[in-house]
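Enquirer:
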Amino acid sequence: MKRFKIAQILNDPAIGEKVEVKGWVRAFRSNRFIQLSDGSTIKTLQAVVDFEQMDEATLKKVTTAAAICVQGELVASQGSGQAVELQVESLEIIGEANPDDVQRTVMQPKKHSLEFLREQAHLRFRTNTFGAVFRIRHAVSFAIHKFFNDRGFYYIHTPIITGSDAEGAGEMFRVSTLDPKNPPLNEDGSVNYKEDFFGKAVNLTVSGQLEAELAALALGQVYTFGPTFRAENSNTSRHLAEFWMIEPEVAFNDIHDNMDLAEDMLKYICQYVMDNCPDDLQFLHERDAAEQQTKPQHERNELGLIDRLKFITENPFERITYTKAIEVLRNSNHYKKKKFQYEVEWGTDLQSEHERYLVEKEYKRPVIITDYPASFKAFYMRRNDNAEPGKETVAAMDILFPGIGEMVGGSQREERLDVLKEKCAAFHIPEEDLWWYLDTRKFGTVPHAGFGLGFERMVMFVTGMTNIRDVIPFPRTPLNAEF
Ligand code: 4AD
Ligand code: MG
0 MKRFKIAQIL
10 NDPAIGEKVE
20 VKGWVRAFRS
30 NRFIQLSDGS
40 TIKTLQAVVD
50 FEQMDEATLK
60 KVTTAAAICV
70 QGELVASQGS
80 GQAVELQVES
90 LEIIGEANPD
100 DVQRTVMQPK
110 KHSLEFLREQ
120 AHLRFRTNTF
130 GAVFRIRHAV
140 SFAIHKFFND
150 RGFYYIHTPI
160 ITGSDAEGAG
170 EMFRVSTLDP
180 KNPPLNEDGS
190 VNYKEDFFGK
200 AVNLTVSGQL
210 EAELAALALG
220 QVYTFGPTFR
230 AENSNTSRHL
240 AEFWMIEPEV
250 AFNDIHDNMD
260 LAEDMLKYIC
270 QYVMDNCPDD
280 LQFLHERDAA
290 EQQTKPQHER
300 NELGLIDRLK
310 FITENPFERI
320 TYTKAIEVLR
330 NSNHYKKKKF
340 QYEVEWGTDL
350 QSEHERYLVE
360 KEYKRPVIIT
370 DYPASFKAFY
380 MRRNDNAEPG
390 KETVAAMDIL
400 FPGIGEMVGG
410 SQREERLDVL
420 KEKCAAFHIP
430 EEDLWWYLDT
440 RKFGTVPHAG
450 FGLGFERMVM
460 FVTGMTNIRD
470 VIPFPRTPLN
480 AEF
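One point on numbering: in numbering that gives the first Met the number 0, the residue at position 76 of the sequence shown is 75, and numbering is uninterrupted.
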């Protein structure tokens, strides 16, 4: 008998056909109705057993979480809630569920909290919420590859182990095979990494950008999509120590082309999820609506999840310079009433409270902020010409999203060798460490630009989940790497 996935059966019910279905029991009511789930859809298939025809010992093992195989005829359903059901002719137990373990976890009377589920490695995947989130996570990943492939970009695999600190923030995980108890030392007492595996100090990458630049300056337009690692000790709902980043890099693009590309990509992803994940999205939409009800009025989203995605696809993002952002913030009533905790002054970085104000209160849409002061942005960003002395800016762009904050960070790159060397000196980056990068500026250097999208932050936005730990299967955060 041919085996079918539940999604296939529900999308195109072949009434009268005999089918086989394998899955896990969600519920078993009245010794008659089995709700079966197989991961192919958020929906369950109702399998109806005639208990008088069944072996009692087998039926006893049809418990929540058990894995079974059923065969039988698809019939139009008598009950409401489903169009089709399976009339069971044979039922086989594939994997039993231990009743004590089920009682302890699956059958918890209280609704499973997201926090509780984070500690249940396997169970998390079995819930409707996480099933929906991870099916959508897959769809977003596929949409990103499709977006770039359709536009003639090449997917470049940049290294995970690297000697460079692309962002210059120094928040890196060291990779070493030296004995931590007895490492070889230099005369000054520091560890001698010349004796380490790679003959130098290396770390897990914080970004594939610098390597992607080399590829873009030959292949034209490329993107990376890989894991990135940051050892920043920030235990927030928006930071992971291990997250996935998408980094396109395009030769001959300037900062404006860069903004257009990023805006197109973000809109494409939202549209893709609406077009391809209707059931999961509807479920999360209702989940989000219920969660909004538990919040105080002023913290609630004005729009539901699906309307938030529509809003993104249908409206242009706001584009303002950093200088303008400071002006808007300082002229706001919020500022005048001294409601910001951090100072708002040209030359200091925007804090999350400022970003949220601009996105959620002032413009009520995604905002792209450009031309930040050079002092707190990365060394590779292109210096803007004609700055007032002491007010040097770079062609940087951050895209801020409602409820998320920074979604994308990018820039036009400094393509002029002399300026780039000045920047290296100012940032105390030894040129000999970056010779391979500086070389690109000697062999037909061109203007080019790129950005990084935090994959999990995008998945948060399209699923309405509010903690980044709940959109990655195995979150890595400070003090948390159990499984
Ligand atoms: O702004 P970031 O640090 O930019 C870069 O790494 C550049 N090299 C990108 C480029 O121009 N090619 O990081 C890019 C994005 C952020 O906007 C944010 O969405 C996400 O990566 N991100 C994180 N996501 C989860 N956890 C963290 N700890 C993150 N740090 C950054
Ligand atoms: Mg950034």
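Beta carbons: idealized from backbone N, C-alpha and C, even for Gly.
Every value quoted in this text rests on a predicted model; they were computed, and no experiment measured them.
Using the C-alpha atoms, what's the distance from Trp243 back to Thr223?
Expert: Reading the sequence shown from its first residue, position 224 is the one you call residue 223. Reading the sequence shown from its first residue, position 244 is the one you call residue 243. The straight-line gap from Cα to Cα measures roughly 10 angstroms.
Enquirer: As a quick exercise: from Glu212, Glu166 and His427, pick the residue whose alpha carbon is nearest that of Lys376.
Expert: Position 377 of the sequence shown, counted from the start, is the residue given in the question as residue 376. Checked all of Glu212, Glu166 and His427; the closest Cα to Lys376 is Glu166.
Enquirer: Where the beta carbon is closer than 7 angstroms to any heavy atom of the ligand MG, which residues qualify, in chain order?
Expert: Asp397, Glu405 and Gly408
Enquirer: Does the distance from the C-beta atom of Ala486 to that of Gln411 stay below 8 angstroms?
Expert: No statement about residue 486 is possible, as the shown extent of the chain runs from 0 to 482 and does not include it.
Enquirer: Given this structure, state the Cα-to-Cα distance separating Gln70 from Glu170, to the nearest angstrom.
Expert: Here residue 70 corresponds to residue number 71 of the sequence shown, with the count starting at 1. Here residue 170 corresponds to residue number 171 of the sequence shown, with the count starting at 1. The alpha-carbon atoms of Gln70 and Glu170 are separated by roughly 55 angstroms.
Enquirer: Using only the alpha-carbon positions, how far apart do Leu90 and Ser39 sit?
Expert: Here residue 90 corresponds to residue number 91 of the sequence shown, with the count starting at 1. Here residue 39 corresponds to residue number 40 of the sequence shown, with the count starting at 1. Taking the straight line from one Cα to the other gives about 20 angstroms.
Enquirer: Which residues does DSSP list as the beta-bridge partners of Glu19?
Expert: Reading the sequence shown from its first residue, position 20 is the one you call residue 19. Answer is Arg2 and Gln70.
Enquirer: Within a Cβ cutoff of 6 angstroms, which residues of the same chain sit near Thr369, ignoring the five residues on either side of it in sequence?
Expert: Residue numbering aside, residue 369 sits at position 370 when the sequence shown is read from its first letter. Only Thr320 and Met396 meet the Cβ criterion.
Enquirer: Ignoring anything shorter than 3 residues, give me the beta strand (DSSP E) runs that lie fully in the region 396-463, in order along the chain.
Expert: 404-411 and 447-453
Enquirer: Quick check on Gln81: does DSSP put it in helix, strand or coil?
Expert: As a first step, residue 81 is located in the sequence shown; it is residue number 82 there, counting from the start. For Gln81, the three-state secondary structure derived from DSSP is coil.
Enquirer: With a threshold of 7 angstroms (Cβ to nearest heavy atom), would Arg440 be considered close to the ligand 4AD?
Expert: Start at 1 with the first residue of the sequence shown, and residue 440 comes out as number 441. No; taking the cut-off as 7 angstroms, the Cβ of Arg440 has no heavy atom of the ligand 4AD nearer than that.
Enquirer: Among the candidates Thr43, Ile14 and Asn10, whose CA atom is the shortest distance from the CA of Arg25?
Expert: Residue numbering aside, residue 25 sits at position 26 when the sequence shown is read from its first letter. Closest option to Arg25, Cα to Cα, is Thr43.
Enquirer: For Asp11, name the three-state secondary structure that DSSP assigns.
Expert: Residue numbering aside, residue 11 sits at position 12 when the sequence shown is read from its first letter. Of the three classes helix, strand and coil, the one that applies to Asp11 here is coil, per DSSP.
Enquirer: In the region 320-386, which residue ranges form an unbroken beta strand (DSSP E) of at least 3 residues, counting only runs that do not cross its ends?
Expert: If you keep only unbroken beta strand (DSSP E) runs of at least 3 residues inside the region 320-386, you get 366-372.
Enquirer: Which same chain residues, not among the five before or five after Asn30, have their C-beta less than 8 angstroms away from its C-beta?
Expert: As a first step, residue 30 must be located in the sequence shown, where it is residue number 31. Excluding residues within five positions, the ones whose Cβ falls inside 8 angstroms are Val48, Phe50 and Leu58.
Enquirer: With a CB to CB cut of under 8 angstroms and the five nearest residues on each side skipped, what residues in its chain are close to Ala480?
Expert: Working through the sequence shown from its first residue, we reach residue 480 at position 481. The beta carbon of Ala480 sits closer than 8 angstroms to no other beta carbon from its chain once the five residues preceding and following it are set aside.
Enquirer: Leu58 lies in the alpha helix (DSSP H); which residues open and close that run?
Expert: Along the sequence shown, one-based indexing puts residue 58 at 59. Unbroken alpha helix (DSSP H) run through Leu58: Glu55 to Lys59.
Enquirer: Taking 8 angstroms as the threshold (C-beta atoms), are Pro158 and Glu210 in contact?
Expert: Here residue 210 refers to the residue found at position 211 when the sequence shown is read from its first residue. Here residue 158 refers to the residue found at position 159 when the sequence shown is read from its first residue. It is a contact, given that the beta carbons lie within the stated cut-off.
Enquirer: Looking at C-alpha atoms only, which residue of Gly22, Val249, Arg329 and Ser76 is the closest neighbour of Glu95?
Expert: In the sequence shown, residue 95 corresponds to position 96, counting from 1. Considering only alpha carbons, the answer is Gly22.
Enquirer: Is any heavy atom of the ligand 4AD found at a distance shorter than 7 angstroms from the C-beta of Glu414?
Expert: Translated into positions along the sequence shown, residue 414 becomes position 415. Incorrect: Glu414 has no Cβ contact closer than 7 angstroms to the ligand 4AD.
Enquirer: I'd like the list of long-range same chain contacts for Asn127, defined as Cβ closer than 8 angstroms, with 5 residues on each side in sequence excluded.
Expert: Within the sequence shown, numbered from 1, the residue matching residue 127 stands at position 128. So the list reads Ile41 and Phe282, once near-sequence residues are dropped.
Enquirer: Just the Cα atoms here: how many angstroms apart are Leu304 and Leu433?
Expert: Working through the sequence shown from its first residue, we reach residue 304 at position 305. Working through the sequence shown from its first residue, we reach residue 433 at position 434. One C-alpha to the other measures close to 44 angstroms.
Enquirer: So does Ser410 have its beta carbon nearer than 7 angstroms to some heavy atom of the ligand 4AD?
Expert: Against the sequence shown, residue 410 aligns to sequence position 411. The nearest non-hydrogen atom of the ligand 4AD is less than 7 angstroms from the C-beta of Ser410.
Enquirer: DSSP beta-bridge partners for Met244?
Expert: Along the sequence shown, one-based indexing puts residue 244 at 245. The partner list for Met244 (beta bridge, DSSP) reads Gly225 and Gly453.
Enquirer: Does the beta-carbon of Glu298 have 16 or more other beta-carbons within 10 angstroms, so that it is buried, or is it exposed?
Expert: One-based indexing of the sequence shown puts residue 298 at position 299. When all chains shown are included, Glu298 counts as exposed.
Enquirer: Identify the residues that DSSP records as bridge partners of Thr476: which are they?
Expert: Mapped onto the sequence shown, residue 476 falls at position 477. Partner(s): Asn479.
Enquirer: CA-CA distance, Ile92 and Phe454?
Expert: Taking the sequence shown and counting its residues from 1, one reaches residue 92 at position 93. Taking the sequence shown and counting its residues from 1, one reaches residue 454 at position 455. Going from the Cα of Ile92 to the Cα of Phe454 covers about 39 angstroms.
Enquirer: Taking 8 angstroms as the threshold (C-beta atoms), are Val132 and Leu85 in contact?
Expert: For the purposes of this step, residue 85 is taken as residue 86 along the sequence shown, with counting starting at 1. For the purposes of this step, residue 132 is taken as residue 133 along the sequence shown, with counting starting at 1. The answer is no: Cβ separation not under 8 angstroms.
Enquirer: Leaving out five residues on either side along the sequence, give the residues of the same chain with a beta carbon under 8 angstroms from the beta carbon of Arg2.
Expert: Translated into positions along the sequence shown, residue 2 becomes position 3. Here the set comprises Val18, Glu19, Val20 and Lys21.
Enquirer: Closest to Asn275 by CA distance: which of Pro472, Met53, Gln291 and Val461 is it?
Expert: As a first step, residue 275 must be located in the sequence shown, where it is residue number 276. When each option's Cα is compared against that of Asn275, the closest is Val461.
Enquirer: So, is Phe400 buried or exposed, given that buried needs 16 or more other C-beta atoms within 10 angstroms?
Expert: Taking the sequence shown and counting its residues from 1, the one referred to as residue 400 is at position 401. Flag for Phe400 reads buried.
Enquirer: How should Thr293 be labelled, buried or exposed, when 16 other C-beta atoms within 10 angstroms of its C-beta is the threshold for buried?
Expert: Taking the first residue of the sequence shown as 1, we reach residue 293 at position 294. Label assigned to Thr293: exposed.
Enquirer: Report the rounded CA-to-CA distance for His156 versus Glu246, giving the unit in angstroms.
Expert: As a first step, residue 156 is located in the sequence shown; it is residue number 157 there, counting from the start. As a first step, residue 246 is located in the sequence shown; it is residue number 247 there, counting from the start. Spanning the two alpha carbons is a distance of roughly 11 angstroms.
Enquirer: Would a C-beta distance cut-off of 8 angstroms place Pro179 and Asn191 closer than the cut-off?
Expert: The count along the sequence shown starts at 1 and reaches residue 179 at position 180. The count along the sequence shown starts at 1 and reaches residue 191 at position 192. Not in contact: Pro179 and Asn191 (Cβ atoms no closer than 8 angstroms).
Enquirer: Taking just the CA atoms, how far does Tyr436 sit from Gly198?
Expert: For the purposes of this step, residue 198 is identified with residue 199 of the sequence shown, where counting begins at 1. For the purposes of this step, residue 436 is identified with residue 437 of the sequence shown, where counting begins at 1. Approximately 20 angstroms between the Cα atoms of the pair.
Enquirer: Please report the straight-line C-alpha distance between Thr392 and Glu114, rounded to a whole angstrom.
Expert: In the sequence shown, the residue the question calls residue 392 occupies position 393. In the sequence shown, the residue the question calls residue 114 occupies position 115. Going by the C-alpha atoms only, they are around 42 angstroms apart.
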